[in-house]
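Asker: The listed protein sequences derive, respectively, from chains A and B. Note that my numbering gives residue 101 to position 101 of the first sequence, counting from 1, and the numbers run on in steps of one. Note that my numbering gives residue 141 to position 141 of the second sequence, counting from 1, and the numbers run on in steps of one. Take a look at this one; I'll ask things after.
There are 2 protein chains.
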Amino acid sequence: MKNLFMAKMTSFSQTTNEDVCETIIALEKSALEKWNQGDPSGYLDLSADEVVYFDPFTEKRLDGLEALKKYYEAIKGQVHVSKYEMLNPKVQAVNEMAVLTFNLFSYEGDKVNKWNCTEVYLLEKSGQWKIIQTHWSFIRPDLK
Amino acid sequence: MKNLFMAKMTSFSQTTNEDVCETIIALEKSALEKWNQGDPSGYLDLSADEVVYFDPFTEKRLDGLEALKKYYEAIKGQVHVSKYEMLNPKVQAVNEMAVLTFNLFSYEGDKVNKWNCTEVYLLEKSGQWKIIQTHWSFIRPDLK
């Protein structure tokens with residue numbers, strides 16, 4: 001599993017630091033690596049009750065964790081990614097909110113899917129970062 | 001011009017309020033309405049120096065306002081949207097950062113383009129909200 005750590009941190013507050021960047025990227029990779037084995041539980045555990053969600057197969061924005069759970073239920077066991085590259089992950093953060101953006105290459109055998117991704121994380125009062133917004137889209141879907 | 005205001009606000013802080021929601025949506029609509037006439041200056045003026053950007057035509061994430069200016073230069077005058085519907089805009093905010101998500105139907109004559117959109121706004125020290133992250137993608141690109 002290729003594991004790139006070319007992260008760039010943009011901090012808008014003196015109290016945010018490199019640790020936030022590393023924490024957010026580690027949370028994302030942990031959920032993604034489960035996802036790649038057909039297991040959506042990592043993303044579901046990481047998502048807040050109020051999460052909103054877009055991907056190339058949704059007809060409109062999905063609102064709330066219950067809607068996301070129902071949606072992911074049908075995908076369980078369908079994904080088999082053998083290798084991934086998370087390209088240029090970047091975290092832009094203030095104290096309680098952080099935006100993670102990256103491109104992702106996901107390999108399934110000879111096939112590669114190329115993605116744009118935006119995750120917005122909120123620092124909950126418990127001290128846990130949770131995803132409140134996910135947006136997945138294909139890079140250049142016209143060329144797919 | 002259809003102008004829907006079915007906004008829902010999710011506030012994670014006692015100091016954020018309905019005003020933030022209305023402010024953010026008004027900023028977005030103002031930039032979008034210029035865009036619809038082929039003028040990208042609204043979005044460029046609203047974007048921070050450190051903005052990151054995805055759309056269905058970019059090969060990878062664009063980083064920084066200069067890159068976005070260069071990219072938009074080629075599109076100037078190409079867009080002629082006669083009507084739009086911003087569907088279910090939602091703002092999730094803490095004091096200094098806000099996420100706006102919505103679906104957008106853009107009509108050019110008989111043709112309609114259907115979009116997912118995520119904008120992340122940062123409250124700058126000047127008191128001005130600026131976009132630090134934009135993600136546009138097509139709804140169900142496989143059906144286009």
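Even glycine gets a Cβ: it sits at the ideal position worked out from N, Cα and C. Note that the coordinates shown come from a computational prediction; the quantities given were computed from them, not determined experimentally.
1) Compute the Euclidean distance between the alpha carbons of Lys130/A and Trp115/B, then round it to the nearest angstrom.
2) Would you say the region 75 to 92 of chain A touches the region 35 to 55 of chain A, given that touching needs at least three Cβ pairs under 8 Å?
3) Along chain B, in chain order, which residues have C-beta atoms closer than 8 Å to that of Lys90/A?
4) If you run the structure through DSSP and keep just helix, strand and coil, what is Ser41/B?
5) Closer than 7 Å between beta carbons: that is the criterion. Which residues of the region 18 to 51 of chain A meet it against chain B?
6) If you pair each beta-carbon of the region 22 to 35 of chain A with each one of the region 84 to 98 of chain A, do three or more pairs fall below 8 Å?
7) Counting contacts by CB-CB distance shorter than 9 Å, is Leu122/B in contact with chain A?
8) Compare the C-beta of Val94/A against all C-beta atoms of chain B and say whether one is closer than 9 Å.
9) Quick check on Val99/A - is its C-beta less than 9 Å from some C-beta in chain B?
10) Taking Cβ-Cβ distances below 7 Å as the criterion, which residues of the region 107 to 139 of chain A are in contact with chain B?
11) Would the region 103 to 122 of chain A count as touching the region 134 to 142 of chain A if we require 3 or more Cβ pairs under 8 Å?
12) Run through chain A and tell me which residues come within less than 9 Å of Phe57/B, C-beta to C-beta.
13) Which residues in chain B sit within 9 Å of Leu87/A, going by Cβ to Cβ distance?
14) Taking Leu122/B as the reference, give the member of His80/B, Ala98/B, Lys144/B with the closest Cα.
15) Answer with buried or exposed for Ser106/A, where buried requires no fewer than 16 other C-beta atoms within 10 angstroms of its C-beta.
16) Buried or exposed: which applies to Val112/B, given that a residue is buried once 16 or more other Cβ atoms fall within 10 Å of its Cβ?
17) Indicate the three-state DSSP secondary structure (helix, strand or coil) for Gly137/A in the structure shown.
18) Which partner residues of Asp63/B appear in the DSSP bridge assignment?
19) Judging by CA-CA distance, which residue of Glu50/A, Leu143/A, Leu104/A is the nearest neighbour of Ile132/A?
20) Tell me the DSSP secondary structure of Val94/A in three-state form.
21) Give me, in chain order, the residues of the same chain whose beta-carbon lies closer than 8 Å to that of Gly42/B; leave out the 5 immediate sequence neighbours on both sides.
22) What's the gap between the Cα of Cys21/B and the Cα of Gly109/A?
23) Considering Leu143/B, what are the terminal residues of the alpha helix (DSSP H) in which it resides?
24) Helix, strand or coil: which one does DSSP assign to Asn3/A?
Answerer: The structure says:
1) Straight-line measurement puts the Cα of Trp115/B at about 25 Å from the Cα of Lys130/A.
2) Flag = yes, the region 75 to 92 of chain A and the region 35 to 55 of chain A touch.
3) What Lys90/A touches in chain B: Val52, Arg61, Asp63.
4) In the structure shown, the three-state DSSP call for Ser41/B is helix.
5) Within the region 18 to 51 of chain A, the qualifying residues are Glu50.
6) The answer is yes - the region 84 to 98 of chain A touches the region 22 to 35 of chain A, with three or more Cβ pairs under 8 Å.
7) Closer than 9 Å to some Cβ of chain A, the Cβ of Leu122/B qualifies, so yes.
8) It does; some Cβ of chain B falls within 9 Å.
9) A Cβ of chain B is located within less than 9 Å of the beta carbon of Val99/A.
10) Flagged, chain order: Asn116, Thr118, Val120, Leu122, Ile132, Gln133, His135, Ser137, Phe138, Ile139.
11) In this structure the region 103 to 122 of chain A touches the region 134 to 142 of chain A; the number of beta carbon pairs closer than 8 Å is three or more.
12) Counting only Cβ-Cβ distances below 9 Å, Phe57/B has contacts in chain A at Arg140, Asp142, in chain order.
13) Those within 9 Å of Leu87/A in chain B are Lys60, Arg61.
14) Shortest Cα-Cα distance from Leu122/B to any of His80/B, Ala98/B, Lys144/B involves Ala98/B.
15) Ser106/A comes out buried.
16) The residue in question, Val112/B, is exposed, as its Cβ has fewer than 16 Cβ neighbours within 10 Å.
17) The sequence shown places Ser at residue 137/A, rather than the Gly named in the question. Assignment of Ser137/A by DSSP, reduced to helix, strand and coil, places it in the strand class.
18) Val52/B, per the DSSP bridge assignment.
19) Of the candidates Glu50/A, Leu143/A, Leu104/A, Glu50/A places its Cα closest to the Cα of Ile132/A.
20) Val94/A: coil per DSSP, three-state reduction.
21) Ser30, Ala31, Leu32, Glu33, Lys34, Trp35.
22) Distance between the alpha carbons of Cys21/B and Gly109/A: 45 Å.
23) No alpha helix (DSSP H) contains Leu143/B, which DSSP labels as neither H nor E.
24) Low local confidence applies: a pLDDT of 36 at Asn3/A is under 50, so the model's placement there is unreliable, and no value is given.
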